[in-house]
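Taking it in order: structure first as structure tokens, then the write-up.
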Amino acid sequence: MMRTLFIKEVRDALSSRRFWVILALCLILIPLGVEVSLKDYQTRLQNYREAVRIYREETKQVQDVLYKEGAKAFAPPAQLSFLSLGLELVLPNVAETPAGRADPPVVMRLGNNESRDNLYEFFTGPLDLVFVVAVVMSLLAVILTYGAISGEKELGTLGQVLSNSVPRAKIILAKATANGLVLVIPFLLSLILSLTLVELQGGLPSAAGAWTSIGLGALVSVLLVGVFFNLGLFVSSLTKQAVPALVTLLLVWVFLYGVYPRLAAAAAQILHPVKSDALVALEKSQIKHDIEKARDAELETVAQTMPRDFKSEAFKAGQKKQQEIHDRYQAKLEAGWKAIDRDVEARRSTRDALTADIARLSPVSSFVRPMAELARSGWLESGQFRREVRQYEEVLNREIFDKQRIIRMPRGGMISNEADPKAPAPVFAYVPTPEDDVVRDILPDVALLILFNLVFFAGAFVTFLRYDPR
Amino acid sequence: MTNQQPILKADDLSKRYEDGVLAVDHLNLNIYPGEVYCLLGANGAGKTTTINLFLNFIPPTTGTCYVNGIDVTKDPLEAKKYVSFVSENVMLYGNFTARQNLDFFAKLGGKTNLAKSDYYQVMRRVSLQEKAFEQRVKNFSKGMRQKLGISIAVIKDAPGILLDEPTSGLDPKAAEEFLEILEELKKEGKAILMSTHDIFRAKEIGDRVGIMKEGRLVMERTREELQYEDLVKIYIDYMKSEPLKI
Amino acid sequence: MFTILYLKELRENVQNYRFLLALLLCLVLIPLGFTVSQKDYTERRKAYDQTVQDYEQSRKTAVELWSNGGSAFRPPSPLSLISDGVEMVLPNSVETRGYISDQGAQVQFNTSRRVDNPFTALFGRLDLAFIVSTVLAVLVMIFTFNAVAGEKERRTLALVVANPVPRPTVVAAKMAAGSSLLAASFLVGTAAGLLLTIALGLSPFSQAGTALPFVIAVGVSLLFLLVFYNLGLLVSSASRSSVSAMVTLLAVWVGLAMVLPKASVIAARLLLPVRSQQVVDLEKSQIRSQFNRELEATVRDLTRSMPGIKDMSMEEYFKQKNANNPIVAAFEKAQAERRAEFAARLNTALDKVDAEFEKQRGRQAALARNLSRLSPVSCFVHVLVELAGTGFVEEKAWRDTRSRFKQILDREIAPKTGSFAFGDVTYGSMDLDSNALAPKLLAGPVPLESRLAAVWIDLVLLAIYGILFFACAHLAFLRYDVR
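Chains as they are written, first to last, in the working numbering: chain E, 590 to 1059; chain W, 12 to 257; chain R, 142 to 624.
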């Protein structure tokens, strides 16, 4: 019985245009999207390598850091950005110290250098896998299933089928599995085709972790398509006619894809506001200003007592005292800044977690966010970059900037740096987020997507058992 | 006939819909093997509801339907093995050919080992044109579709057959051919319940004729009894009389 | 005849769920979107005001500007509720890098983001452009997909056309009725949105010059809805069933609103590839380094060859300098001449690099835009984004700001600084009047005329698309099989 029903569903899908249209769309859009995203990544990779090369040529020694362009840290572009361009154009991927004289503690300023080159792309959005799945595949799932039940009822074939000794559970199971395969098989085939093309063109740089992420990305994509598929079955079994089912599903899709995630971001900011970067910077500079004022007053006092003879003992003693004052105030400044940073970071991560939680109610958010993390173009990777920049900062301060010696005199002063100017400049080496962290981060969303699938299918199942075929 | 068990039996069957309408009012029917029972009535008289009750598409308010002695609400899957159904407007799967539709429904009905020739034979039997056998159903005329519908019933070979207004919209020739098939099936011993408002055909084919009005079976006559009465006159008289109190 | 049909269409649409749905969606989404955008804008404006205030306090004089660094700030766009555009990724300010020397000021973009919530970057904002081009577009599809095909299925179309009614009148009445209901819902929603923002103290008109662009944006949105409505009618009149009409419309919408714009970017990049800004900046710094090396060599030669100077020791030189020895003065003057010449050559070289790069980028961007104009949705969002002041005109103006700021600094400050080298020691002089005010650059918004001038093509195209779709819908309906 199941075999008969299943074969009929498959044959129905194949003999109508549905399957072939789905196959064609998948075979065109997915490899196209992957290919162009890959080319785009390769361009950005080339730009990154070029930038790093030029920077390293110009900044070989400590004196280059101090007197030339300063130190820079670059994050490589996300190699799996064909899965999801994510926040590549927005979150920081470059950090630099101020050029010219830099007073310790030096804070590297984070920025993003991609967006200027990709302004129009930012405007239109990327043609990555996330787009193809969240828009095209989801709509295809809806188009495939809106008439699964109400359509057959309208035709009269449902009544004809039910006049036989066929349990309703088998009918809906056969529909779900057959149509599910009609949707998923072209998708997976296209994905495999795209990845083969990627491999043929030189593959992906670091092998092992990449394939796990790609596999998880495929799984999450299939789950999202499944959500709309089962939702389609559910709505179809709730309506008497096929057309209202289609209209309803369309509205639901627009809401889940477009409206709700945008609202979630706004809601979280209202519920748990975080000061903007600009205001935080102002606060910090205010603190610095106050501390420096107090410090300079003390330095001036000592300066008054210092003789002009550079070589005298009194001068050297005064210099030592000034250094102590410097160090003391510097520690105070660092402590003050660290406190602000900690506070802001805490608030920011709470707000981001809150946003993620609110947004999760839409399966589309539970899909888009994990895909960005898997592609390494999301929050985790950016957070990793930030952390590594801070570590690099510490090295720079310790080995270069903290060795600054200021001598304050009644009219003016002298600045020198004790670090060996010819010593090699510290180099920034980027370490990506470990695979496990990413997987752990996306697990709740994966679980939620599975839950959505189950709930909608269960809804369809239960409703169909009592569906009126007349 | 009277010593056999009825294949299709309605026992004090009533159906009141949620909006209060009493569609079927204490209906009693017994249809035996080898007989055609025509259920006559105006639109909304309750004929289609009766058929839907036999198919367990809706539950009865009171009373029971039996197919081959099985209570359709208690064991619907078992009961459905013994009944075939031809709807008023046979649509079927438009992208499938006639044979593919027949093949699918035959298997659903339990006949899993039939060959292509068996299908062809059945379709020939119902006078469906040869060239239509492998054509997509969506291009069929109404007559062709009704023939395909009855061929599905034929191939299932169930003892009971339910037909809902099978000749409505058919031209006289197609309707005649259809009734010839029913006659053959009757001779094979099938119990046939056919709802219709074609009084002429009802008189021709029906061994017994029942008139439903507002859910009630107001009159039942055998063919012999009818020979000496004008069914048309009876029908119209009953239709004209006072509406029954619900 | 037209009136009869028009009224019947109106009644039909009002009585079924569609009109109510349109009204509800507009009344909920538009005020919500406006309020959230305005709230966000208020925060950004506050941050901007405070930053500018803080900056001006510590850069009152030119000397302060020289020692603390100079910046020019970009105010956030007050009309980003119309469209967020590229506001999120535009730099907040331009600033000097290092000290301003006699070689000129180095002015760079401050690329630290104003985006504080990455989710907004990932999903976007609920601005007017999104609501109209996505939510209302879907609504239009729901209104139109069975306008013709559905009536045919219900057999009422045959009934209408069986009367002495000219077919063009039928389709014109459909268009007029449906679009007037949609327009009414949209206007009601927009009005509600404005009222809500004003009531909450978040009025978008608090800045000057915001009312007119807003009104124009509303008008263009109405135009877009009309264009899309005609497209829907066209598809419905070309389909045999309402379901296939809906599926076709969906495919067309996804293609026009999403696939085509993205594809045009990709095509432009493949056809006209361009280096990245970062690489260009680094190339420029290489050029700078090279020039500096040459300059140092030249100055060293000068030091070794100039009579009187070449034999001096470090101590002797500074002693002579403090004594205002004319030989030292002449030496410094000779250096200054060399440096000025190098500065001029350096700036020419750098400008050339910039100009070439801008030209290439401009060509690529223009190609992408032109290709994407094949979609009426692209034309629509192009116009809205410029009206909102968050688009490409703004971006270009901002890049010009960088050059202008550099020019101001090069004119007012750079010539007053001097840098001299003797041996390994570099010393500077500053000739800035301690009372001289710091040069300021207030980057104002681009005037409306310029913004509109950049998108007049899109406006015209939008109108053409509307006429085209309407004409085709007419034609299709004239030949439509009503049976």
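Just so it is clear, CB atoms sit at the ideal spot from N, CA and C, and this is done for glycine as well.
Computed from a prediction, not measured in an experiment: that's the story for all the values here.
**OP:** Note down the Cα distance separating G330(R) from G226(R), rounded to an integer number of angstroms.
**Re:** The sequence position of residue 330(R) within the third sequence is 189, counting from 1. The sequence position of residue 226(R) within the third sequence is 85, counting from 1. Between G330(R) and G226(R), the C-alpha separation is close to 22 Å.
**OP:** Would you mind sorting M155(W) into buried or exposed? The rule is 16 or more other CB atoms within 10 Å of its CB.
**Re:** To locate residue 155(W), count along the second sequence from 1; it is residue 144. Flag for M155(W) reads buried.
Original post:
Going straight from the alpha carbon of I81(W) to that of A765(E), what length do you get?
Top reply: Residue 81(W) sits at position 70 when you count from the first residue of the second sequence. Residue 765(E) sits at position 176 when you count from the first residue of the first sequence. I81(W) and A765(E): Cα-Cα distance of roughly 31 Å.
**OP:** Would you please state the rounded distance, in angstroms, between the beta carbons of I761(E) and F1053(E)? I believe it to be under 8 Å.
**Re:** Start at 1 with the first residue of the first sequence, and residue 761(E) comes out as number 172. Start at 1 with the first residue of the first sequence, and residue 1053(E) comes out as number 464. That pair is a contact at about 5 Å.
**OP:** State the beta-bridge partners of Q249(R) as determined by DSSP.
**Re:** The sequence position of residue 249(R) within the third sequence is 108, counting from 1. DSSP, once it has assigned bridges, lists E236(R) as partnering Q249(R).
Subject >> Enclosing alpha helix (DSSP H) for A660(E) [first to last residue] >> reply: Within the first sequence, the letter at position 71 stands for residue 660(E). No alpha helix (DSSP H) contains A660(E), which DSSP labels as neither H nor E.
Original post:
When the cut-off is 8 Å and only beta carbons count, does Q858(E) lie next to chain R?
Top reply: Taking the first sequence and counting its residues from 1, one reaches residue 858(E) at position 269. At least one chain R Cβ lies under 8 Å of Q858(E).
**OP:** Would you kindly work out how many angstroms separate the C-alpha atoms of L868(E) and V406(R), rounded to a whole number?
**Re:** Mapped onto the first sequence, residue 868(E) falls at position 279. Mapped onto the third sequence, residue 406(R) falls at position 265. Computed Cα separation, rounded: 35 Å.
Subject >> Residue from D452(R), P414(R), L593(R) and A318(R) with nearest C-alpha to K531(R) >> reply: Position 390 of the third sequence holds residue 531(R). Per the sequence shown, residue 531(R) should be read as Thr rather than Lys. Of D452(R), P414(R), L593(R) and A318(R), the residue nearest in Cα terms is L593(R).
Original post:
Relative to the C-alpha of S274(R), which residue among S362(R), A333(R), T338(R) and V312(R) is closest?
Top reply: Position 133 of the third sequence, counted from the first residue, corresponds to residue 274(R). With distances taken between Cα atoms, S274(R) lies closest to S362(R).
Original post:
Whose CA, out of T202(R), F459(R) and F143(R), lies closest to the CA of M316(R)?
Top reply: Along the third sequence, one-based indexing puts residue 316(R) at 175. Out of T202(R), F459(R) and F143(R), F143(R) has the C-alpha closest to the C-alpha of M316(R).
**OP:** Using a Cβ cut-off of 8 Å (strictly closer), state whether S98(W) contacts chain E.
**Re:** Translated into positions along the second sequence, residue 98(W) becomes position 87. With 8 Å as the cut-off, S98(W) counts as an interface residue toward chain E.
Original post:
With a CB to CB cut of under 7 Å and the five nearest residues on each side skipped, what residues in its chain are close to S234(R)?
Top reply: Here residue 234(R) refers to the residue found at position 93 when the third sequence is read from its first residue. Here the set comprises S212, A213, F214, R215 and N251.
Subject >> Buried versus exposed, by CB contacts within 10 Å (16 or more), V524(R) >> reply: Within the third sequence, numbered from 1, the residue matching residue 524(R) stands at position 383. The residue in question, V524(R), is buried, as its Cβ has 16 or more Cβ neighbours within 10 Å.
**OP:** Would you decide whether Y606(R) is buried or exposed? Buried here means 16 or more other CB atoms lie within 10 Å of its CB.
**Re:** Counting from 1 along the third sequence, the entry for residue 606(R) is found at position 465. Buried, because 16 or more other Cβ atoms sit within 10 Å of the Cβ of Y606(R).
Original post:
Is the Cβ-Cβ distance between Q431(R) and F561(R) less than 8 Å?
Top reply: Position 290 of the third sequence, counting from 1, holds the residue named residue 431(R). Position 420 of the third sequence, counting from 1, holds the residue named residue 561(R). Their beta carbons are not under 8 Å apart, which means Q431(R) does not touch F561(R) by this criterion.
**OP:** Can you tell me which of A595(R), L573(R), Q501(R) and P556(R) puts its alpha carbon nearest to the alpha carbon of V526(R)?
**Re:** Sequence index remark: in the third sequence, residue 526(R) carries index 385 (1-based). Checking every option, the nearest Cα to that of V526(R) belongs to A595(R).
Original post:
Mind checking L789(E): buried by the 16 CB within 10 Å criterion, or exposed?
Top reply: Walking along the first sequence from the start, residue 789(E) turns up at place 200. The residue is exposed, with fewer than 16 neighbouring Cβ atoms inside 10 Å.
Original post:
Nearest to G45(W) by CA position, among I222(W), V165(W) and I203(W), is which residue?
Top reply: As a working mapping, residue 45(W) is identified with position 34 in the second sequence. For G45(W), the nearest C-alpha among the options comes from I203(W).
Subject >> Cβ neighbours of A1049(E) in the same chain (closer than 7 Å, five flanking residues each side left out) >> reply: As a working note, residue 1049(E) is residue 460 in the first sequence. Once the five neighbours on either side are set aside, the close Cβ partners of A1049(E) are I761, N819, L822, F823 and S826.
**OP:** Determine the DSSP secondary structure at P1013(E), reduced to helix, strand or coil.
**Re:** For the purposes of this step, residue 1013(E) is taken as the residue at position 424 of the first sequence. Note: P1013(E) maps to strand in three-state DSSP.
Original post:
In chain order, what residues of the same chain lie with their CB nearer than 6 Å to the CB of I257(W), ignoring the 5 residues before and after it?
Top reply: Start at 1 with the first residue of the second sequence, and residue 257(W) comes out as number 246. With a pLDDT of only 40 at I257(W), under the threshold of 50, the placement of this residue in the model should not be trusted, and no figure is reported.
**OP:** Note down the Cα distance separating E99(W) from E176(W), rounded to an integer number of angstroms.
**Re:** Looking up residue 99(W) in the second sequence gives position 88. Looking up residue 176(W) in the second sequence gives position 165. Near 5 Å, if we compare the C-alpha coordinates of E176(W) and E99(W).
**OP:** With distances taken Cα to Cα, identify the nearest neighbour of Y656(E) among G210(R), R238(R) and E205(R).
**Re:** For the purposes of this step, residue 656(E) is identified with residue 67 of the first sequence, where counting begins at 1. Among G210(R), R238(R) and E205(R), the Cα nearest to that of Y656(E) belongs to R238(R).
Original post:
Excluding sequence positions up to five away, which residues of its chain have a Cβ less than 6 Å from the Cβ of R642(E)?
Top reply: As a position in the first sequence, residue 642(E) is number 53, starting the count at 1. Counting only Cβ-Cβ distances below 6 Å, and skipping sequence neighbours, we find nothing.
Subject >> Those runs of the beta strand (DSSP E) which lie wholly inside the segment 202-243 of chain W and span at least 3 residues >> reply: 202-207, 219-224 and 227-233
Original post:
If you measure from the beta carbon of R705(E) to each beta carbon in chain R, is any gap under 8 Å?
Top reply: For the purposes of this step, residue 705(E) is taken as the residue at position 116 of the first sequence. Output row for R705(E): interface = yes.
Subject >> Inside the segment 515-585 of chain R only - beta strand (DSSP E) runs reaching at least 3 residues >> reply: 558-563 and 566-571
**OP:** For W609(E), count neighbouring Cβ atoms within 10 angstroms of its own Cβ and tell me buried if that reaches 16, exposed if not.
**Re:** Your numbering for residue 609(E) matches position 20 in the first sequence. When all chains shown are included, W609(E) counts as exposed.
Original post:
How do the segment 832-850 of chain E and the segment 914-932 of chain E stand: do at least 3 beta-carbon pairs fall below 8 Å, yes or no?
Top reply: no
Original post:
Closest to E153(R) by CA distance: which of L322(R), S519(R), E535(R) and A470(R) is it?
Top reply: Looking up residue 153(R) in the third sequence gives position 12. Nearest C-alpha to E153(R): L322(R).
**OP:** Return no unless some Cβ of chain E is closer than 8 Å to the Cβ of N124(W).
**Re:** Here residue 124(W) is taken as the residue at index 113 of the second sequence, counted from 1. Chain E, which has no Cβ nearer than 8 Å to the Cβ of N124(W), makes this no.
Original post:
In its own chain, which residues sit with a C-beta less than 7 Å from the C-beta of Q650(E), not counting the 5 before and 5 after it?
Top reply: As a working mapping, residue 650(E) is identified with position 61 in the first sequence. These residues qualify, in order along the chain: P1010, K1011, A1012, P1013 and A1014.
Original post:
Is DSSP giving K26(W) helix, strand or coil here?
Top reply: The residue you call residue 26(W) lines up with position 15 of the second sequence. If DSSP states are grouped into helix, strand and coil, K26(W) belongs with the strands.
**OP:** Locate the alpha helix (DSSP H) running through N636(E), then write down its first and last residues.
**Re:** For the purposes of this step, residue 636(E) is identified with residue 47 of the first sequence, where counting begins at 1. Taken as a continuous stretch (DSSP letters only), the alpha helix (DSSP H) holding N636(E) covers R607 to E647.
Original post:
Can you list, in chain order, the residues of its chain whose CB lies under 7 Å from that of A352(R), leaving out five sequence neighbours each side?
Top reply: Within the third sequence, residue 352(R) is the residue found at index 211, counting from 1. F346, listed in sequence order.
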